[in-house]
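The block underneath contains the structure these notes are about, expressed in structure tokens.
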Amino acid sequence: MVPYDLYRLLRCPTCGSRDLIVTDGGVACAACHAEYPRRNGYLDLMPRGVEFGYVSKYVSEEEELAHELDYRDLAPPLLAAGVRNRALRRLLDLRPTDIVLDSGCGNGRFAAWNANRVRLMVGVDPATLFADEAIKTVALVQGDARRLPFADGMFDKAFSIDVLEHFPRDVIDAYLSETARVLRPGGRFLVFSNTREPSRLQPLVEASRWLGRQFVRAGVYDFEREARRKSDHIKALATWEDVLEAMRHAGLRPVRVVFWNSVATSFVEHVLMKLGEAVVGRSRREAPHRAAAASTDDGAPIGEGTAREIRARQRMRARLQRRGPVYYALLAVTLFMELDLWLFGRARSGSYFIVVEKPEVRRLIED
Numbered sequence: 001m002v003p004y005d006l007y008r009l010l011r012c013p014t015c016g017s018r019d020l021i022v023t024d025g026g027v028a029c030a031a032c033h034a035e036y037p038r039r040n041g042y043l044d045l046m047p048r049g050v051e052f053g054y055v056s057k058y059v060s061e062e063e064e065l066a067h068e069l070d071y072r073d074l075a076p077p078l079l080a081a082g083v084r085n086r087a088l089r090r091l092l093d094l095r096p097t098d099i100v101l102d103s104g105c106g107n108g109r110f111a112a113w114n115a116n117r118v119r120l121m122v123g124v125d126p127a128t129l130f131a132d133e134a135i136k137t138v139a140l141v142q143g144d145a146r147r148l149p150f151a152d153g154m155f156d157k158a159f160s161i162d163v164l165e166h167f168p169r170d171v172i173d174a175y176l177s178e179t180a181r182v183l184r185p186g187g188r189f190l191v192f193s194n195t196r197e198p199s200r201l202q203p204l205v206e207a208s209r210w211l212g213r214q215f216v217r218a219g220v221y222d223f224e225r226e227a228r229r230k231s232d233h234i235k236a237l238a239t240w241e242d243v244l245e246a247m248r249h250a251g252l253r254p255v256r257v258v259f260w261n262s263v264a265t266s267f268v269e270h271v272l273m274k275l276g277e278a279v280v281g282r283s284r285r286e287a288p289h290r291a292a293a294a295s296t297d298d299g300a301p302i303g304e305g306t307a308r309e310i311r312a313r314q315r316m317r318a319r320l321q322r323r324g325p326v327y328y329a330l331l332a333v334t335l336f337m338e339l340d341l342w343l344f345g346r347a348r349s350g351s352y353f354i355v356v357e358k359p360e361v362r363r364l365i366e367d
């Protein structure tokens, strides 16, 4: 979706000019003459003639990852994504008058889930693996967070879910500084990410992971797709002190923190959910203890574990749209996982939600 209100927010990501002309095909910059086409449901606002040292695998391997990400269809926000989304709504306090940025939106699921709660929801990502629902409901932009194509102070709020752990430190600094630039004074920014720090409750988490490894050894399921998804995690912000320092460096003031000690979550993700996927995702032609090679529709090879997981998710999405017993069972599991935030949210751990604020000018001068 490319609504008219989106054009009001833009500036040229190449030269920084606000002298932009809306054309039949997209946007053109009158200052540097760069052209930014409108594509299938989004604007291509990548900076022209700029070479970045770091490129995410979701950009460099976009075509290959499209086969296994199963990104086009969205399920309701449940399980770990549901916990993230409920925390996002609660901590960021989204309002009908807000203009909100999802920076590094991925397929746009969090933006799409919350688009009807705000005045305008904008999603930006350098990769274009956007879900169909996001294309319909979110103002989508292909752009780089190191040079956001928006003018200063355009957004009331912003959020970043599962993004920072992918970046080296210099990219994190640029990402946070650009986010601070496009926030209005007093605007708030929610980040969910993780450091390398174990929590004091780690033995309970490891117990679920140990149980999951036993099922992997027995050939019941595997974590092939999860390992692929996390293969580029850098976690340059290795400690909580690193997180706070990075926020301060960008001129952002911490307002609230909730840690996610994944005691209940680990059991669900490493055992309960994987067992369910193994059952629901089994091919009708698949023998009980036999793993066969699989491929996508265009022949790209993927492992049987990944294929089984994709089948399970596709079959479950069809059931969840009906809001029947399966939906409410998974909602109950989501609320069980959310207990981690309510019971252990003050105990420092690797995973965290942090809300930061861009100080107003008067307060910044006083500080």
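Per UniProt numbering, the very first residue in the sequence shown carries number 1; after that it's consecutive. Using N, Cα and C, we set each Cβ at its ideal position, and we do this for glycine too.
Inset, instruction - Count the other CB atoms, across all protein chains shown, that sit within 10 Å of the CB of residue 175; report buried if there are 16 or more and exposed otherwise. - result: buried
Inset, instruction - Please determine if the region 145 to 158 and the region 194 to 205 are in contact, where contact requires at least 3 C-beta pairs separated by less than 8 Å. - result: no
Inset, instruction - State the Cα-Cα distance for the pair residue 274 and residue 110, rounded to the nearest angstrom. - result: 23 Å
Inset, instruction - Spell out whether any CB of chain D is found under 8 Å from the CB atom of residue 81. - result: Absent here is chain D; the protein component of the structure consists of one chain.
Inset, instruction - Identify every residue that forms a DSSP beta bridge with residue 139. - result: 122
Inset, instruction - Decide if residue 370 is buried, meaning its Cβ has at least 16 other Cβ atoms within 10 Å, or exposed. - result: Residue 370 lies beyond the stretch modelled for the chain, which goes from 1 to 367, so this question has no answer here.
Inset, instruction - Name the two residues that bound the continuous alpha helix (DSSP H) containing residue 266. - result: 263 to 267
Inset, instruction - Classify residue 354 as buried or exposed, calling it buried when 16 or more other Cβ atoms lie within 10 Å of its own Cβ. - result: Buried is the label assigned to residue 354, since at least 16 other Cβ atoms lie within 10 Å of its Cβ.
Legend entry - Residue burial classification, residue 33 (beta-carbon count within 10 angstroms, cutoff 16): exposed
Inset, instruction - With DSSP as the reference, label residue 287 as helix, strand or coil. - result: Residue placement at residue 287 is flagged as unreliable, the pLDDT there being 40, under the threshold of 50; the coordinate-derived value follows with that caveat. Coil at residue 287, not helix or strand.
Legend entry - residue 31 in three-state terms, based on DSSP: Of the three classes helix, strand and coil, the one that applies to residue 31 here is coil, per DSSP.
Inset, instruction - Could you tell me the distance, in whole angstroms, from the CA atom of residue 294 to the CA atom of residue 68? - result: Reliability fails at residue 294, whose pLDDT of 44 lies under 50, so the model's placement of it is uncertain and no value is given.
Legend entry - Minimum C-alpha distance to residue 222 - residue among 303, 178, 203, 190: Ranking 303, 178, 203, 190 by Cα distance to residue 222 puts 303 first.
Legend entry - Close Cβ partners of residue 79 (< 6 Å) along its chain, the five nearest in sequence each way excluded: 334
Legend entry - Uninterrupted beta strand (DSSP E) stretches inside the region 28 to 89 (no shorter than 3 residues): 35 to 37
Inset, instruction - Starting from residue 160, follow its DSSP beta bridges and name the residues at the other end. - result: 191
Inset, instruction - Return the chain-ordered list of same chain residues with a C-beta closer than 7 Å to the C-beta of residue 1, the five sequence neighbours on each side being excluded. - result: 41, 135, 136, 137, 138, 139, 140
Inset, instruction - Inspect the beta-carbon positions of residue 235 and residue 194 and report whether they are closer than 8 Å. - result: yes
Inset, instruction - Please report how far the alpha carbon of residue 357 lies from the alpha carbon of residue 105, in whole angstroms. - result: 20 Å
Legend entry - Rounded straight-line distance, which links the Cα of residue 81 to that of residue 75: In this model, residue 75 and residue 81 are separated by some 10 Å (Cα to Cα).
Legend entry - Best match in 349, 360, 341 for proximity to residue 91 [C-alpha to C-alpha]: 341
Inset, instruction - Starting from residue 177, trace the alpha helix (DSSP H) both ways and give me its first and last residue. - result: Looking at the DSSP string, the run of the alpha helix (DSSP H) that includes residue 177 is 169 to 182.
Legend entry - Any 3 or more C-beta pairs closer than 8 Å across the region 205 to 223 and the region 318 to 327: no
Legend entry - Own chain, CB closer than 6 Å to residue 258, minus 5 neighbours either side, in chain order: Closer than 6 Å at Cβ, skipping near neighbours: 341, 345, 353.
Inset, instruction - Have a look at 155, 112, 51 and flag the residue whose alpha-carbon is nearest the alpha-carbon of residue 10. - result: Comparing Cα positions, the closest option is 155.
Inset, instruction - Locate the beta strand (DSSP E) running through residue 101, then write down its first and last residues. - result: Its beta strand (DSSP E) spans residues 99 to 103.
Inset, instruction - Can you tell me which of 55, 16, 323, 130 puts its alpha carbon nearest to the alpha carbon of residue 107? - result: Residue 130 is the option with its Cα nearest to residue 107.
Inset, instruction - Please report the residue range of the beta strand (DSSP E) in which residue 257 lies. - result: For residue 257, the enclosing beta strand (DSSP E) has its first and last residue at 253 to 259.
Legend entry - Selected residue, minimal CA-CA separation from residue 190, among 347, 15, 229, 252: 252
Inset, instruction - Look at the Cβ atom of residue 60, then the Cβ atom of residue 166, and state whether they are nearer than 8 Å. - result: no
Inset, instruction - Could you tell me which residues DSSP pairs with residue 21 in its beta bridges? - result: Beta-bridge partners assigned by DSSP to residue 21: 28.
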